[in-house]
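First the structure, in the form of structure tokens, and then the observations on it.
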Amino acid sequence: MNRIVIREGVCDLCGTCVGVCPVDCMELTETRLHIDADRCILCEMCVEICPVDALELCDGRSV
Numbered sequence: 001m002n003r004i005v006i007r008e009g010v011c012d013l014c015g016t017c018v019g020v021c022p023v024d025c026m027e028l029t030e031t032r033l034h035i036d037a038d039r040c041i042l043c044e045m046c047v048e049i050c051p052v053d054a055l056e057l058c059d060g061r062s063v
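Residue 45 in this note's numbering sits at position 45 of the sequence shown, with consecutive numbering throughout.
Written out as structure tokens, the structure reads:
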């Protein structure tokens, strides 16, 4: 199952991704970013706009 993965330690909690999400499936707190995978439509807008490349599309397969 495809999903957007947050690269913890890379994400600087800037919130840029939250602002572009068309389905409002991201929640930002003071300490972490959370993506509601059930609501995410995998548009990858968050992946494209992230200034530190902290988000990536994962296809669910092990490498």
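Glycine included, every Cβ here is placed at the ideal spot set by N, Cα and C. What you are looking at is a predicted structure, and each value in this text was computed from that prediction instead of being measured.
- In terms of CA proximity to residue 9, 52 leads the group 59, 57 and 52.
- At least 8 angstroms separates the beta-carbon of residue 39 from that of residue 20.
- In the structure shown, residue 27 adopts extended strand secondary structure according to DSSP, grouped into three states.
- Residue 48 sits in a helix when the DSSP states are folded into three classes.
- Beta-bridge pairing by DSSP links residue 58 to 3.
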